[in-house]
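When the letters of the sequence shown are read in order and numbered with the numbering used here, they come out as residues 27 to 190. Every residue, glycine too, gets a C-beta built ideally from N, C-alpha and C. For reference, the structure discussed in these notes is given below.
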Amino acid sequence: QSLESTRRMLQLVEESKDAGIRTLVMLDEQGEQLERIEEGLDQINKDMKEAEKNLSDLGKCCGLCSCPCEKLKNFESGDAYKKVWGKKEDGVVSSQPARVCDEREQMAMSGGYIRKVTNDARETEMDDNLEQVSGIIGNLRHMALDMGNEIDTQNRQLERITNM
């Protein structure tokens with residue numbers, strides 16, 4: 027009964043690991059899409075600056091002198107522009123997370139996850155299953171941290187995009 031339990035545990039954490047990997051891949055693809063959107067909006071901003079320069083050049087009589095009757099407003103001096111483009115967040119990581127001590131390393135060195143009574147193949151398989159479960163759970167924890175960091179980054183990107 028205990029052996030079957032460890033087999034089921036191993037199967038469930040394997041399924042969880044696969045779901046985690048699929049989620050990380052989807053988050054990565056979504057992040058790439060957000061990057062492309064931001065790059066497109068940056069290009070639009072550059073095009074707007076160029077168009078404004080060209081319009082101000084057209085405001086001059088024959089391109090030689092300024093026309094005093096009409097001054098073009100610089101769109102960069104507007105509050106809406108400053109709100110969006112005034113503060114640039116480049117997404118550079120300011121700090122790295124500290125290393126988390128891993129209990130499973132200590133467990134593996136101490137001689138296993140179960141106390142062996144009969145020291146037969148069933149106990150060995152149970153111990154192996156629990157060791158694999160522990161390793162996968164550690165990987166799931168790291169995946170969850172990576173997902174959280176990626177989601178935080180994408181939330182900041184979305185905030186910048188919606189404010190543009």
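Query: Write down the C-beta distance between asparagine 175 and lysine 43 rounded to the nearest angstrom, noting that I regard them as a contact closer than 8 Å.; Result: Wrong, their Cβ atoms sit about 19 Å apart, outside the cutoff.
Query: Spatial neighbours of isoleucine 162 within its chain, please: CB distance less than 6 Å, with the 5 preceding and 5 following residues excluded, ordered by chain position.; Result: Val39 and Lys43
Query: Please classify glycine 66 as buried or exposed, where buried requires at least 16 other C-beta atoms within 10 Å of its C-beta.; Result: exposed
Query: Alanine 170 to leucine 50, Cα distance in whole Å?; Result: 9 Å
Query: Do asparagine 155 and leucine 36 have their beta-carbon atoms positioned less than 8 Å apart in this structure?; Result: yes
Query: How big is the Cα-Cα spacing for glutamine 180 and arginine 186?; Result: 10 Å
Query: Within 10 Å of its beta-carbon, does threonine 32 have 16 or more other beta-carbons around it, so buried, or fewer, so exposed?; Result: buried
Query: What separation, rounded to the nearest whole angstrom, lies between the Cα atoms of leucine 60 and alanine 77?; Result: 25 Å
Query: What number of angstroms, rounded off, separates the C-alpha of arginine 182 from the C-alpha of arginine 148?; Result: 51 Å
Query: Quick one: residues in its chain with C-beta nearer than 7 Å to the C-beta of glutamine 158, no 5 flanking neighbours on either side, listed in chain order?; Result: Leu36
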